[in-house]
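Take a look at the structure set out below.
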Amino acid sequence: MSLSIRNQLSGTVLTLTPGEVMSTVVLRLSGGQTLTAAITVEAVHDLGITVGAPVRALVKSTEVALSTGPVDGLSIRNRLPGTVVAVTTGGAMAGVKVAVPGGELTAAITKDAAADLGLAAGSEVTALIKSTEVALAAER
Numbered sequence: 000m001s002l003s004i005r006n007q008l009s010g011t012v013l014t015l016t017p018g019e020v021m022s023t024v025v026l027r028l029s030g031g032q033t034l035t036a037a038i039t040v041e042a043v044h045d046l047g048i049t050v051g052a053p054v055r056a057l058v059k060s061t062e063v064a065l066s067t068g069p070v071d072g073l074s075i076r077n078r079l080p081g082t083v084v085a086v087t088t089g090g091a092m093a094g095v096k097v098a099v100p101g102g103e104l105t106a107a108i109t110k111d112a113a114a115d116l117g118l119a120a121g122s123e124v125t126a127l128i129k130s131t132e133v134a135l136a137a138e139r
């Protein structure tokens, strides 16, 4: 199956914390970082997700925010440091490719935000992703 989701990172399930309706799944990504996904208990069951299982984390580019400074006081669980590889701007939006250990992320942000942050190839950034915006696919 081909997907339009630009951001796909491979990982292994480290921990699984079930709740009544939602579960949190912490992954160790191939680059060594951790990533938290909040998915339904039903999805955990249907995908056969268990500790140690290989999975692929999927994140739409519109759900990736970027920061160029310290990130404190936020509830966002996923904070992946990286380096901007390229910035492509259009009329209203910018696509920012960010190299992170073990892969690459694309963030779709406004052109004005990219300009305000001074983003260019070589800029150090932190990619911010809410755990509720991370989907998982079972690697079989």
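Under numbering that gives the first Met the number 0, the first residue of the sequence shown is numbered 0, with each subsequent residue one higher.
Where is the CB? At the ideal position from N, CA and C, for every residue including glycine.
Reduced DSSP secondary structure (H/G/I, E/B, other) of residue i
| i | result |
| --- | --- |
| L13 | strand |
| V40 | helix |
| L2 | coil |
With 16 other Cβ atoms within 10 Å as the buried cut-off, status of residue i
| i | result |
| --- | --- |
| I93 | First, the amino acid is wrong: residue 93 is Ala here, not Ile. So A93 ends up on the buried side. |
| G117 | exposed |
| S1 | exposed |
| T125 | buried |
| S3 | exposed |
| S22 | buried |
| G81 | buried |
| T35 | buried |
Distance between residue j and residue i (C-alpha atoms, nearest Å)
| i | j | result |
| --- | --- | --- |
| K96 | V20 | 34 Å |
| A56 | L8 | 5 Å |
| L65 | L127 | 6 Å |
| P17 | G30 | 26 Å |
| V12 | A136 | 12 Å |
| A85 | V133 | 23 Å |
| G10 | V50 | 11 Å |
| R139 | L46 | 10 Å |
| L121 | A106 | Looking at the sequence shown, residue 121 is not Leu but Gly. Going by the C-alpha atoms only, they are around 15 Å apart. |
| R27 | K129 | 16 Å |
| A112 | S60 | 15 Å |
| A119 | G101 | 21 Å |
Host beta strand (DSSP E) of residue i (start-end)
| i | result |
| --- | --- |
| R139 | Neither: R139 is in no beta strand (DSSP E) and is coded neither H nor E. |
| T23 | M21 to L28 |
Practice problem: Enumerate, from N- to C-terminal direction, the unbroken alpha helix (DSSP H) stretches of 4 or more residues contained entirely within the segment 51 to 131. | Solution: The segment 51 to 131 contains these whole alpha helix (DSSP H) runs: 110 to 116.
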